[in-house]
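Residue numbers (this note's numbering), protein chains in the order written: chain A, 1 to 415; chain B, 416 to 598. Take a look at the structure set out below.
This is the structure in structure tokens:
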């Protein structure tokens, strides 16, 4: 973002910022501007995702969903937010008042600082850190500190159980999350998010996911453990609303409560962006090289759209998983991590190393293998679509005989 | 030792395969619901037809009495488990004609069991499809079906009670229940 700040200064004041005596003030202003833009984006994304998730959940359960506030209920999340802001900020008796009040800040800052290193398009990243991925892992672990603080300080057994489960979860899943990205770092030779995307290409056979069977396995492992990191179903054990009332945030109310679900939904973007930038090619547009991309502002906007589209697909998939799968038990969760994810991940790292030596990225054999791998991926997608069609058709005849109206009612047709 | 190891490896891989196949199938089922029609309707804001018309036949809504067809047998009154029906029949001393002078149903007590309408030989009392018994005052739910005495009905020998028309949309009840949502 620094070059954008320099260009804007030169455009506004016709002078290079390096020689100006206001450089520090200008950069400070620009930092606040970028932080404000990111905060605006994160908050609005969390709100709109909460609405979209409720609509998708409703359609999966044969309902319609919130559709009263605003056209098609699109302002439902604003109404919910205002309602929670107006509520009383209760602190339980004999709670640790200081920790109880500070915990939401930890959750919020741990989540929001991850946005700093996330790219949004070609060259559009708040700070292109050379340790980008490492930084994102480090700061998102802060969310768990906030969860444990909030659960422990509430003086409530449900919140305490939620915090304990969260601790168990983070110990288990930090390891496969980090290990499953090592193949990407091996392939790229860099930790910077922009460099990782630049090393991939626009078409599926240039993505990291289809480099070898090992990276495909690591992609799946990363996806599963990112779900666990983000406390999403099937790994939402800290917030198991059917067992612990609401888990670690049971005792919270008003705005302090609002921070927890907001962080959860904003975390969806972080997960989706991480998945798409590391394995799915990020903002790379098909048939457009990076040299032509850097010259045209319209292509840069298109790259933003491509990145947002890929991320939204991943977010949709995560939401659909939430409304499909049941919650796993605590022992199952740790069992899956230590007996399946971690060993397969370690084997995949070694496998990727050997694969990189035997079939280098530029070689003909490597290219053919990548094309075959993306064919397998496309086959899996087609199989999934055929299963959707089969399940739809299996219920069609009986429904239309009983009701006398067509069953076809796609989700883009709004009620 | 080797067969044990082999079995362990097979079950390990089999577990992974079962995880993928079952999750794919589950995701396909939920995704197919995105293309199906929702089962719910948007009551009361967006209805293509009034909800009373969408209800199935045999729905037990608010009771209605068509006093033109009442024979005054009082079976409904005696079968009612909670005595929410009160009937008064008077006899003219000169002509010997019998009149229905009162037919009151307290809808606020009615439990919609359907015993009265099942036992009625002429289907003078029956359940409509009205369900919205909402008023400001509970007294409004006490429905008087007779304003001035009505001559009792005599069922013709050759006819059948099935010929007697039933108004399932409750025009009489709507008129008699004052000050409520059906207006």
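Backbone N, C-alpha and C fix where the C-beta goes; we use that ideal spot for every residue, glycine too. Everything numeric in this text was worked out from a predicted model, so none of it was measured.
Please confirm whether residue 482 of chain B and residue 583 of chain B have their CB atoms less than 8 Å apart.
no
Return the chain-ordered list of same chain residues with a C-beta closer than 6 Å to the C-beta of residue 136 of chain A, the five sequence neighbours on each side being excluded.
114, 117
Sequence ranges, alpha helix (DSSP H) only - wholly within the region 332-413 of chain A, length at least 4:
342-358, 364-403
Kindly indicate the opening and closing residues of the alpha helix (DSSP H) around residue 27 of chain A.
23-60
To the nearest angstrom, report how far apart residue 131 of chain A and residue 190 of chain A are at their CA atoms.
8 Å
Is the beta carbon of residue 531 of chain B closer than 8 Å to that of residue 494 of chain B?
yes
If the cut is a Cβ gap below 7 Å, which residues of chain B does residue 324 of chain A touch?
441, 442, 445
So, for residue 225 of chain A: in the same chain, excluding its five sequence neighbours on each side, which residues have a beta-carbon less than 7 Å away from its beta-carbon?
173, 176, 177, 180, 341
Relative to the ligand HEM, is the shortest distance from any of its heavy atoms to the C-beta of residue 97 of chain A smaller than 7 Å?
Absent from the structure shown: the ligand HEM. Ligands present: none.
Tell me, please, which residues DSSP counts as bridged to residue 507 of chain B.
The partner list for residue 507 of chain B (beta bridge, DSSP) is empty, contrary to what the question assumes.
Which residues in chain A sit within 8 Å of residue 454 of chain B, going by Cβ to Cβ distance?
62, 63
Can you tell me whether DSSP reads residue 457 of chain B as helix, strand or coil?
strand
Between which two residues does the beta strand (DSSP E) harbouring residue 559 of chain B extend?
557-559
Locate the alpha helix (DSSP H) running through residue 515 of chain B, then write down its first and last residues.
Per DSSP, residue 515 of chain B belongs to no alpha helix (DSSP H); it is in the beta strand (DSSP E), 513-521.
From residue 25 of chain A to residue 331 of chain A, what distance separates their C-alpha atoms?
54 Å
Straight-line gap, residue 72 of chain A to residue 44 of chain A (C-alpha atoms, nearest Å):
17 Å
List the residues of chain D that residue 410 of chain A touches, going by C-beta distances under 8 Å, in chain order.
Protein chains A and B are contained in the structure displayed, whereas chain D is not.
Going by beta-carbon coordinates alone, are residue 359 of chain A and residue 350 of chain A separated by less than 8 Å?
no
Would you mind reading off the limits of the beta strand (DSSP E) that contains residue 478 of chain B?
478-480
Just the Cα atoms here: how many angstroms apart are residue 375 of chain A and residue 212 of chain A?
12 Å
Going along the chain, which unbroken runs of the beta strand (DSSP E) with 3 or more residues stay wholly within the region 101-151 of chain A?
119-121
What is the DSSP secondary structure of residue 432 of chain B, counted as helix, strand or coil?
helix
To the nearest angstrom, report how far apart residue 162 of chain A and residue 336 of chain A are at their CA atoms.
20 Å
Against chain A, with Cβ distances strictly below 8 Å, would residue 438 of chain B count as a contact?
yes
Starting from residue 541 of chain B, trace the alpha helix (DSSP H) both ways and give me its first and last residue.
Here residue 541 of chain B belongs to no alpha helix (DSSP H); instead the beta strand (DSSP E) covers 540-542.
Identify which residue in B:430, B:520, B:445 has its Cα closest to the Cα of residue 387 of chain A.
B:445
What residues in the region 167-193 of chain A bring their beta carbon closer than 8 Å to a beta carbon of chain B?
none
Is the region 133-148 of chain A close to the region 100-112 of chain A, with three or more CB pairs under 8 Å?
yes
Cβ atoms of residue 517 of chain B and residue 503 of chain B: under 8 Å apart, would you say?
yes
Members of the region 554-574 of chain B near chain A, C-beta cut-off 9 Å:
none
Along the chain, where does the alpha helix (DSSP H) containing residue 225 of chain A start, and where does it finish?
213-229
With 8 Å set as the bound, which would you pick, yes or no: does the beta-carbon of residue 391 of chain A sit closer than that to a beta-carbon of chain B?
yes
Supposed contact pair residue 488 of chain B and residue 536 of chain B - C-beta distance, whole angstroms, cut 8 Å
7 Å
Give the list of continuous beta strand (DSSP E) stretches no shorter than 3 residues that lie fully inside the region 237-318 of chain A.
none
Chain A contacts made by the region 452-486 of chain B, where a contact means CB separation under 9 Å
452, 453, 454, 455, 456, 457, 460, 461
Residues of its chain near residue 250 of chain A, where Cβ-Cβ distance is below 8 Å and the 5 sequence neighbours each way are ignored:
154, 156, 158, 159, 162, 244
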